[in-house]
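Below is one structure, written out as structure tokens, with a few remarks after it.
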Amino acid sequence: WHLRFLKRYSELDAKYSRQIEQKRTIAKQDYFTLSHFYDKYREAITKYNLKPTNIYNIDEIGSMLGFVQAVKVITSKLREHETLVSYLGGREMIMVLEAICLDGSFLENPIIIFKGDGIEQCWVENESCSIPDGVLIGHSPNGWTDNKKSLAYLAKFFGPESFTVKKAAGEYRMLLFDGHGFHVSWQFLSYCLSHKIISFCLPPHTSHRLQPLDVAVFSHFKRYYSNRILERCKFGDHGVTKENFCSILGPARMQAFTNSNISSGFRATGLYLLDPLCILSTI
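Position in the sequence shown (first residue = 1) + 36 = our numbering.
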């Protein structure tokens, strides 16, 4: 009946729904909150003379060990049941903290957080992978980042000896982040104040619309990450483990963190060339 209904009303279409947290739906409709955010963003850029080369978005993403997204495969029509691809069980996550810049670049060395009471040597150096110099490695009982690790990331990649300081050449830098997902403490904010870093928090429950990493980079990363796991499974490997995680992470990052994807993220959120109407006009 629905096909006849759609044929009768040509202006309608059938689409798959997508789950979204109720609070985010409410935030999506809050025109005043988003408009105020863009006003403050514009004021900060003007006040501190912020250049595109010094505006960063930082956030974390979780990668599930052994997980493969559903994919379409070629199989016999006589096969009654769905096609299964073998992979390691478990729902353990490894967190990766990332940063991208409005000029289209990204910080090549992230911080990787493993779940555990310590770091096993075989996780970071073995026959299938070797952690590049400059990458921060951490651990926590639940595999999630915390205030201490966020501060360590800030000091490593935005501190006095960092690449971003040399790139800024004495000018102010800005960090855009989601206050809900990224752990920000008083020590974190104090460090920013003392190192010419403007900390700029997104409004609550708006990261799916306002955060460049969420909008145009992490989705690509998840797909490439899943594809690499799938390739391993097809040839008898059982997916990703802590021992081979970094060998999968590296290529997936390089595919996803392109100048094109990063620039698209900043444009789609209205943070490039200060274009708030690209978001406000949809409310």
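We treat Cβ as the ideally placed atom computed from N, Cα and C, and that holds for glycine. Keep in mind it's a predicted model, so treat the numbers as computed, not measured.
Taking the Cα of Lys-192 as reference, the smallest distance to any Cα among Tyr-227, Gly-206, Trp-222 and Phe-68 is reached at Tyr-227. Non-local C-beta neighbours of Asn-297 in its own chain, meaning closer than 8 Å and more than five positions away in sequence, comprise Ala-252, Val-253 and His-256, ordered along the chain. Each residue's CA atom was taken as its position, placing Gly-154 and Ile-173 some 10 Å apart. Ranked by how close their Cα comes to the Cα of Ser-243, the residues Ile-97, Gln-223 and Phe-293 have Ile-97 in first place. Positions of the beta strand (DSSP E) runs, each at least 3 residues long and wholly inside the segment 157-198, are given as 172-176 in order along the chain. In this structure, the straight-line span from the alpha carbon of Asp-95 to that of Ser-46 is close to 42 Å. In terms of Cα proximity to Val-276, the closest of Leu-70, Met-100 and Tyr-84 is Met-100.
In the pairwise beta carbon analysis, the segment 275-292 is classified as not touching the segment 231-246: fewer than three pairs are separated by under 8 Å.
C-alpha of Ala-135 to C-alpha of Gly-179: approximately 19 Å in a straight line.
In the DSSP annotation of this structure, Leu-310 is not part of any beta strand (DSSP E), being labelled neither H nor E. Across the set Lys-87, Ile-81, Gly-170 and Leu-190, the C-alpha of Leu-190 shows the shortest separation from the C-alpha of Gln-223. In the DSSP annotation of this structure, Ala-135 is not part of any alpha helix (DSSP H); the continuous beta strand (DSSP E) holding it starts and ends at 129-137. By the criterion of a C-beta distance shorter than 7 Å, His-219 is surrounded in its chain by Thr-181, Asp-182, Asn-183 and Ser-186, once the five residues flanking it on both sides are discounted.
Contact between Arg-264 and Asn-90 is ruled out by a C-beta separation of about 33 Å, above the 8 Å threshold. Going by C-alpha positions, Leu-238 is about 8 Å away from Phe-73. For Ser-99, the secondary structure class from DSSP, reduced to helix, strand or coil, is strand. Collapsing the DSSP output to three states places Ser-283 in a helix.
Counting along the chain, Phe-73 sits inside the alpha helix (DSSP H) bounded by residues 67-83.
Ranked by Cα distance from Thr-294, the first of Cys-282, Arg-44, Tyr-260 and Leu-316 is Tyr-260. DSSP links Tyr-92 through a beta bridge to Cys-137 and Leu-211.
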